[in-house]
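When the letters of the sequence shown are read in order and numbered with my numbering, they come out as residues 28 to 379.
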Amino acid sequence: MFRSPRRTARLKGGHMPGTLRVGVIGTGNIGRGHARRIAELTPNAALVAVSDLDAASAGAVAEKYGARREKDPLRLIAAPDVDAIIISSWDRTHEEYAVSCLESGKYVLCEKPLAVSPEGCGNIMAAEIKGGRRLLDVGFMRRYENGYAQMKRAIDGGAVGNPLIVHAQHRNKRPQGEKHTTEMTARASLVHEFDIVRWLLGDEYESVQLVCPRKSRHADPDLADPQVVYLRTRGGVCVDLEMFMNAWYGYDLQCEVVGEEATIRLPDPANLVWRKDGFCGREVFPSWSQRFESAYETEIREWARHALLGRPDGPCAWDGYMASLTGELAVRSLRERRVVEFPEECRPEFYR
Ligand code: NAP
């Protein structure tokens with residue numbers, strides 16, 4: 028595909044409408060899917076380069092979509108024919124690659140968690156603020172899911188009245204990917220809950236406590252499973268979250284907001300209803316990848332559209348920082364067996 032150098036310069040600086048040339052770092056479970064969404068499902072976007080420690084995985088994705096394989100992710104970020112980058116490599120690589128993208132003045136969609144510590148998220152925010160314009164979205168794709176979006180509209184529209192209580196459950200069939208430990212689950216898996224509840228309520232957290240009930244016999248020795256998190260927001264909403272990695276029956280999310288005027292509940296995703304062998308019911312999706320396919324498609328499409336407009340509009344680095352801070356304080360509350368208060372809000376003006 029031909030791209031004039033002039034157009035590249037204008038996209039970086041002045042954001043001419045055109046084609047967004049995307050590079051993907053990390054072509055594992057989620058990165059492969061994002062590469063496909065860019066190549067096949069996103070108007071005005073093209074997959075031009077991919078990079079992964081696993082040469083075979085990157086090579087297969089590159090060949091399938093007519094992109095090139097870059098051995099070094101930092102070279103992919105610096106490449107003049109790459110306008111925007113998706114970071115979907117391991118959690119601990121996110122900070123270095125995100126900072127590098129921001130220093131290169133390129134748009135970036137960084138998978139959650141934004142970094143493995145609040146300090147790492149702080150370094151990313153500092154790099155973005157130094158560059159002087161918003162370039163980074165965080166991959167909190169639940170915000171693009173239809174059911175959560177309906178809940179958000181209902182709350183913002185006022186028909187629910189003041190939210191009072193949130194009950195939410197995040198149940199996995201079994202842990203996937205890297206070996207899960209107690210603190211890693213609190214830091215990396217619960218970030219989706221921490222973000223979506225904060226976003227639904229438009230409120231910040233005031234205190235947190237993570238507690239563990241009796242452990243499921245199905246859990247690995249290093250994982251306290253399930254976990255329960257109690258949060259209180261500055262606006263006075265009480266939130267209880269359950270995270271269960273070994274639910275065994277499927278990947279299941281529930282969310283209920285109790286308000287002054289109404290109670291609303293996240294709809295189950297549409298799926299075939301079976302009547303068979305004396306039972307009537309619907310299959311529960313086996314994992315997040317099926318449950319959220321349409322949300323990922325919307326997320327990638329909206330990210331590319333806003334990057335082309337020069338106006339990133341998704342979850343920002345501050346949201347990534349707040350989710351990471353919540354995980355960190357939740358872990359502290361578990362270690363110290365007490366409720367932990369959040370520090371005074373210190374949101375930089377840039378993210379207001
Ligand atoms: P995965 O299947 O293990 O894929 C990660 C890939 O990144 C692997 O191929 C790995 O190569 C590669 N990699 C590791 N370090 C790298 C580096 N320094 N440079 C380039 N490539 C590197 O993991 P995944 O499940 O796709 O998860 C990837 C990221 O997405 C994680 O941050 C995870 O938290 C996030 N995630 C988000 C969601 C969501 O719902 N938004 C869902 C799942 C995962 P090797 O295998 O050779 O080491």
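The beta carbon of each residue, even a glycine, is placed where N, CA and C say it ideally should be.
Could you check the C-alpha separation between residue i and residue j for me, to the nearest Å?
{"i": "K157", "j": "V126", "result": "11 Å"}
{"i": "D183", "j": "N173", "result": "15 Å"}
{"i": "Y92", "j": "A62", "result": "8 Å"}
{"i": "L280", "j": "G45", "result": "38 Å"}
{"i": "H207", "j": "G86", "result": "28 Å"}
{"i": "D299", "j": "A82", "result": "For the record, residue 299 in the displayed sequence is Leu; it is not Asp. For L299 and A82, the distance between alpha carbons rounds to 39 Å."}
{"i": "C282", "j": "L227", "result": "11 Å"}
{"i": "L80", "j": "A111", "result": "20 Å"}
{"i": "T353", "j": "V264", "result": "16 Å"}
{"i": "A154", "j": "S144", "result": "16 Å"}
For residue i, which three-state DSSP category applies?
{"i": "F221", "result": "helix"}
{"i": "V126", "result": "helix"}
{"i": "Q203", "result": "coil"}
{"i": "C148", "result": "helix"}
{"i": "Y348", "result": "helix"}
{"i": "M270", "result": "strand"}
{"i": "A36", "result": "Any reading at A36 needs caution, since the residue's pLDDT is 37, under 50, leaving its predicted position unreliable; the model's value is listed next. Reduced to three states, the DSSP call for A36 is helix."}
{"i": "L250", "result": "coil"}
{"i": "E326", "result": "helix"}
{"i": "Y278", "result": "coil"}
{"i": "V256", "result": "strand"}
{"i": "T208", "result": "coil"}
{"i": "F29", "result": "Confidence is the limiting factor: at F29 the pLDDT is only 30, short of 50, which leaves the residue's position unreliable, though a coordinate-based value still follows. Looking at F29 - three-state DSSP - the assignment turns out to be coil, as it is neither helix nor strand."}
{"i": "A331", "result": "helix"}
{"i": "G337", "result": "coil"}
{"i": "S316", "result": "helix"}
Please classify residue i: is it buried, with 16 or more other beta-carbons within 10 angstroms of its beta-carbon, or exposed?
{"i": "I223", "result": "buried"}
{"i": "A94", "result": "buried"}
{"i": "A289", "result": "exposed"}
{"i": "N273", "result": "buried"}
{"i": "K303", "result": "exposed"}
{"i": "F306", "result": "exposed"}
{"i": "C137", "result": "buried"}
{"i": "P100", "result": "buried"}
{"i": "S78", "result": "buried"}
{"i": "R180", "result": "exposed"}
{"i": "W315", "result": "buried"}
Looking at the ligand GTP, does it come within less than 7 Å of residue i, judged from the CB to the closest heavy atom?
{"i": "T120", "result": "Although the ligand GTP was asked about, the structure shown includes only the ligand NAP as ligands."}
TODO: Output the residue ranges of the beta strand (DSSP E) runs that lie fully inside the region 43-78 and measure 3 residues or longer, sorted by chain position.
DONE: 47-52, 72-78
- [ ] Any chance you could list the beta strand (DSSP E) runs of at least 3 consecutive residues sitting entirely within the region 160-187, in chain order?
- [x] 163-165
Task: Stretch pair the region 186-204 + the region 337-349: three plus CB contacts closer than 8 Å - done: no
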